[in-house]
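There are 2 protein chains.
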Amino acid sequence: MKLYCSSDPHSWIVRVCLMEKKLAPDLEVIVTSSGETRRAAHLARNPFGQLPVLETDGGFFISESTVICEYLEELCPDPPLIGQTRAERAECRMWMRRIDLNICVPIDHGFRLTRHGSLLFPPIEPAPDAAETMRDLARTNLTWLDQQLRGRETVCPDRFTLADLVLLSFVEHGITTGQPLDPRWSGIERWLIRSRQRPSVREAIGALAETAQLSGTV
Amino acid sequence: MKLYCSSDPHSWIVRVCLMEKKLAPDLEVIVTSSGETRRAAHLARNPFGQLPVLETDGGFFISESTVICEYLEELCPDPPLIGQTRAERAECRMWMRRIDLNICVPIDHGFRLTRHGSLLFPPIEPAPDAAETMRDLARTNLTWLDQQLRGRETVCPDRFTLADLVLLSFVEHGITTGQPLDPRWSGIERWLIRSRQRPSVREAIGALAETAQLSGTV
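Chains C and B supply the protein sequences, listed in that same order. To convert, take the position in the first sequence, counting from 1, and add 116; that gives the working numbering. To convert, take the position in the second sequence, counting from 1, and add 116; that gives the working numbering.
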């Protein structure tokens, strides 16, 4: 297997998932600012031009971070990051999609649509008002999530899952793109402190710093 | 099993999936404009307050349309709407997430953030500029998808999947909310004509009209 990745939050989710499952495919770090993701060689892997992309041993290309993780879970079910039963998998996927659509997407647009962010994602045009609307939406949904997280340590009660990883990746992305946590979100703060202590997460933070250096983003 | 649903595009996806799999759970149609989805009884089923929600025979509540469909596929794999192999499932999920995030979400925001749309989704505030940015984004991504669909009849080549259903639901939603198809999108148009002819889709269009009447939206 081979993972094409960068220092973006979606690549990070897949990197931590691989570490949890003790899988170590070949890595190819792509410098997105070089325009390589819009060239034919990469579009053959993912016609939408995004990262990460996993090339399977069968030569099949899979993109979309959570979809790559679903594939890795099927390939290597232990330790489970989605779930061992139908109900567990449904619970994790439900939380993952709630977070993905209602928190990650607006945080992502809340950066891409700013003047600074749009420079990194051509052909996106800057739309500062829309960026602010998206940031507001992320804050509204994080306020809701904060209430849900009070009194528990993980997104799915009593087990660390892909839903925690997806949330963690975008909470950290928000923090580095001018979308800080509200000090009143004590449930999220407590969850964040614990999540950052997880060994795979600590290891991935180190690997990410190295990737950022390789991909020229620091 | 019991499905709580309304006349929204996400409920429609689950209804067609159930028809494909010849499953007929009890249905409870909820009138969203009555405010019922924000009351305690519904928040106990889905704390995010959305529809559809599936109550399993085990008394577990699953929300998020595509997650309900993943559950139904595991429960009743025949006919397959996601895939029979690891690679097929990855292919369908990849297309489904591309469409979900890059087409459905902006079409949805392109309606919810308008003055008219925001009235239906309190506490969303109208943000017409952001609605227009989201409509532009949907158009950009549909232009890309149109190129992908030329020369094939389904989103995943040679098989009708959940990815077609998700796209169909939001293309139709766009058409009814002032986001028409561009006449240049001949790939999408051809795909749309074929998809609408599928028996489960024809049946669901009838059921949807009935639900819309029950839920007071017509």
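For glycine and all other residues, C-beta sits at the position ideal for the given N, C-alpha and C.
In whole angstroms, what is the alpha-carbon distance linking residue i and residue j?
i: L188(C); j: S150(B); result: 43 angstroms
i: T293(C); j: M212(C); result: 22 angstroms
i: G290(C); j: I223(C); result: 6 angstroms
i: K138(B); j: Q295(B); result: 32 angstroms
i: D194(C); j: R300(B); result: 48 angstroms
i: T148(B); j: S311(B); result: 28 angstroms
i: P244(B); j: H158(B); result: 30 angstroms
i: C121(C); j: P141(C); result: 12 angstroms
i: G233(B); j: P242(C); result: 24 angstroms
i: T259(C); j: S302(B); result: 43 angstroms
i: F286(B); j: P125(B); result: 6 angstroms
i: L119(C); j: M250(B); result: 31 angstroms
i: R318(C); j: I240(C); result: 33 angstroms
i: P315(C); j: M210(C); result: 25 angstroms
i: P168(B); j: S123(B); result: 10 angstroms
i: Q313(C); j: A323(C); result: 15 angstroms
i: I321(C); j: L229(C); result: 26 angstroms
i: A156(B); j: I146(C); result: 48 angstroms
i: A254(B); j: R275(B); result: 25 angstroms
i: T172(C); j: E190(B); result: 23 angstroms
i: R231(B); j: E248(C); result: 17 angstroms
i: P238(B); j: P238(C); result: 33 angstroms
Can you tell me which of the options puts its alpha carbon nearest to the alpha carbon of residue i?
i: L143(C); options: L297(C), E207(C), D124(C) and L170(C); result: L170(C)
i: Q166(C); options: V287(C), R154(C), D173(C) and T172(C); result: R154(C)
i: P163(B); options: D262(C), D245(C), D173(C) and D194(C); result: D262(C)
i: W307(C); options: A323(C), P273(C) and G322(C); result: P273(C)
i: M117(B); options: T249(B), E288(B) and G174(B); result: G174(B)
i: M177(C); options: Q313(C), N257(C), A160(C) and S122(C); result: A quick correction: the sequence has Phe, not Met, at residue 177(C). The shortest C-alpha separation from F177(C) is found at A160(C).
i: E186(B); options: L197(C), C208(C), C192(C) and T172(C); result: C208(C)
i: L134(B); options: S123(B), P238(B), L197(B) and A156(B); result: L197(B)
i: D252(C); options: E288(C), F276(C) and D298(C); result: D298(C)
i: G226(C); options: E136(C), P168(C), A246(C) and I240(C); result: A246(C)
i: T256(C); options: R231(C), L278(C), I215(C) and E152(C); result: I215(C)
i: L236(C); options: P315(C), R314(C), E152(C) and L278(C); result: E152(C)
i: E288(C); options: T277(C), I309(C), R275(C) and V271(C); result: I309(C)
i: E305(B); options: E248(B), E136(B) and V271(B); result: V271(B)
i: E423(C); options: T230(C), R231(C), C192(C) and S123(C); result: Lying outside 117 to 334, the shown extent of chain C, residue 423(C) is not represented and no answer is given.
i: T277(B); options: L229(B), P168(B), T172(B) and G199(B); result: G199(B)
The alpha helix (DSSP H) that contains residue i, what's its start and end?
i: S302(B); result: S302 to R312
i: L170(B); result: No alpha helix (DSSP H) holds L170(B); the beta strand (DSSP E) holding it covers V169 to E171.
i: L139(B); result: Per DSSP, L139(B) belongs to no alpha helix (DSSP H) and is neither H nor E.
i: L229(B); result: Premise fails: L229(B) is in no alpha helix (DSSP H) and is neither H nor E.
i: V197(C); result: A small fix is needed here, since residue 197(C) is Leu in this sequence, not Val. Note, L197(C): premise wrong, no alpha helix (DSSP H); not H, not E.
i: D262(B); result: P244 to L265
i: G290(B); result: L278 to T292
i: A160(C); result: Unbroken run through A160(C): none, as it is neither H nor E.
For the beta strand (DSSP E) holding residue i, just list the boundary residues, first then last.
i: S179(C); result: F177 to S179
i: C220(B); result: Segment: none, C220(B) is in no beta strand (DSSP E) and carries neither H nor E.
i: E144(C); result: D142 to V145
i: L297(C); result: Premise fails: L297(C) is in no beta strand (DSSP E) and is neither H nor E.
i: C133(C); result: That residue, C133(C), is in no beta strand (DSSP E); its alpha helix (DSSP H) goes P125 to E136.
i: C121(B); result: K118 to C121
Relative to the ligand NAD, is the shortest distance from any of its heavy atoms to the C-beta of residue i smaller than 8 angstroms?
i: A320(C); result: The model depicted lacks the ligand NAD and carries no ligand whatsoever.
May I ask you to list, following chain order, the residues of the stretch 228-259 of chain B that have a beta carbon less than 9 angstroms from some beta carbon of chain C?
L229, P239, I240, E241, A243, D245, A246, A247, E248, T249, M250, D252, L253, T256 and N257
At least three beta-carbon pairs within less than 8 angstroms, the stretch 257-270 of chain B to the stretch 194-203 of chain B:
Taking 8 angstroms as the limit for Cβ pairs, the verdict is that the stretch 194-203 of chain B does not touch the stretch 257-270 of chain B.
Mind the definition here: the stretch 214-228 of chain B touches the stretch 277-291 of chain B only if three or more C-beta pairs lie below 8 angstroms; say whether that holds.
These segments touch.
So does the stretch 123-132 of chain C actually touch the stretch 181-196 of chain C, counting three or more Cβ pairs closer than 8 angstroms?
yes
For the stretch 124-144 of chain B, enumerate the residues whose C-beta is nearer than 7 angstroms to any C-beta of chain C, in chain order.
none
What residues from the stretch 183-195 of chain B come within 9 angstroms of chain C, judged by C-beta to C-beta, listed N to C?
V183, I184, E186, Y187, E190 and L191
Anything in the stretch 199-221 of chain C with a Cβ closer than 7 angstroms to a Cβ of chain B? List those residues in chain order, please.
Within the stretch 199-221 of chain C, R202, A203, A206, R209, M210, R213, R214, L217 and V221 place their CB atoms closer than 7 angstroms to a CB of chain B, listed in sequence order.
Can you list, in chain order, the residues of the stretch 152-180 of chain B whose Cβ is nearer than 8 angstroms to any Cβ on chain C?
Of all residues in the stretch 152-180 of chain B, P163, F164, T172, G174, F176, I178, S179 and E180 have a Cβ within less than 8 angstroms of some Cβ in chain C.
Going along the stretch 279-311 of chain B in order, which residues come within less than 8 angstroms of chain C, judged by CB to CB distance?
none
Name, going along the chain, the residues of the stretch 258-277 of chain C whose beta-carbon falls closer than 8 angstroms to a beta-carbon of chain B.
W260 and Q264
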